[in-house]
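Colleague: Got a structure here, written out as structure tokens. Questions coming.
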Ligand code: NI
Ligand code: MN
């Protein structure tokens, strides 16, 4: 399965010919200034929560492409008010069979409000279960015991997790999270974008390596192949 990184927590995965974009925050990310959102043509956008650094470009991309946006119920309602009609509401604990596979919404330990102050519901992570492989995008989250439920539902090929500390897990907690979800291949996100979340990349890769795990830190615009 291929994953293309667009900076911060934004990435795109292709499954069954469908392009699935997560947490678009590109235009306002100084580090992603070489990416033009008009070059993106996703079939789906999945939003983990309502914070600006996860949805800033959602209305522009969904408005232009007509792609389906999947988010919690409150964000779905807010998007409808912004003129984005092709949405699918979910909430934690539920799953849905999409045309590329099944997605289960899981607990994330964080907060969620929308850019205009509207209540943003609860943050979520997502489990993707598809014929091409299975993965977990945790969204912004603390390390939480709920992650230990995940191996009961799915055997993961890789996980995408925040590692930047301050707002989310740090590298050490992400290693523990990888243990909880029983997945040794992690794509690190949510680091270096702002002053609060600067990390030392080589050190982070080393910490994962010492724990017998692989940490991928793709460059912005880079596509990596994650085997399943
Ligand atoms: Ni957040
Ligand atoms: Mn965030």
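In this note's numbering, the protein residues as written are 12 to 239.
Note that the Cβ used here is the ideal one computed from N, Cα and C, for glycine as well.
Bear in mind the structure is a predicted one, so any value in this text is a computation, not a measurement.
(1) Do you know offhand how far residue 63's Cα is from residue 163's?
(2) Give me whichever residues DSSP pairs with residue 139 in a beta bridge.
(3) Going by the C-beta, is residue 68 closer than 6 Å to any heavy atom of the ligand MN?
(4) State the DSSP-derived secondary structure class of residue 92, mapped to helix, strand or coil.
(5) Write down the C-beta distance between residue 117 and residue 98 rounded to the nearest angstrom, noting that I regard them as a contact closer than 8 Å.
(6) For a test of the three-state rule: what should DSSP assign to residue 25, helix, strand or coil?
(7) Can you give me the C-alpha to C-alpha distance between residue 208 and residue 144, rounded to a whole angstrom?
(8) In whole angstroms, what separates the C-alpha of residue 146 from that of residue 236?
(9) Could you give the DSSP three-state label for residue 233: helix, strand or coil?
(10) Would residue 173 pass as an interface residue toward chain D - the criterion being a Cβ-Cβ separation below 7 Å?
(11) Whose C-beta lies closer than 8 Å to the C-beta of residue 72 among residues of the same chain, with five residues either side of it excluded?
Modeller: Looking at the coordinates:
(1) 32 Å
(2) For residue 139, which the question treats as bridged, DSSP gives the partners 114 and 146.
(3) no
(4) helix
(5) With 8 Å as the limit, residue 117 and residue 98 do not qualify as a contact, their Cβ atoms being about 20 Å apart.
(6) strand
(7) One C-alpha to the other measures close to 30 Å.
(8) 13 Å
(9) coil
(10) Of the protein chains in this structure there is only one, and it is not chain D.
(11) 32, 35, 48, 51, 53, 56 and 78
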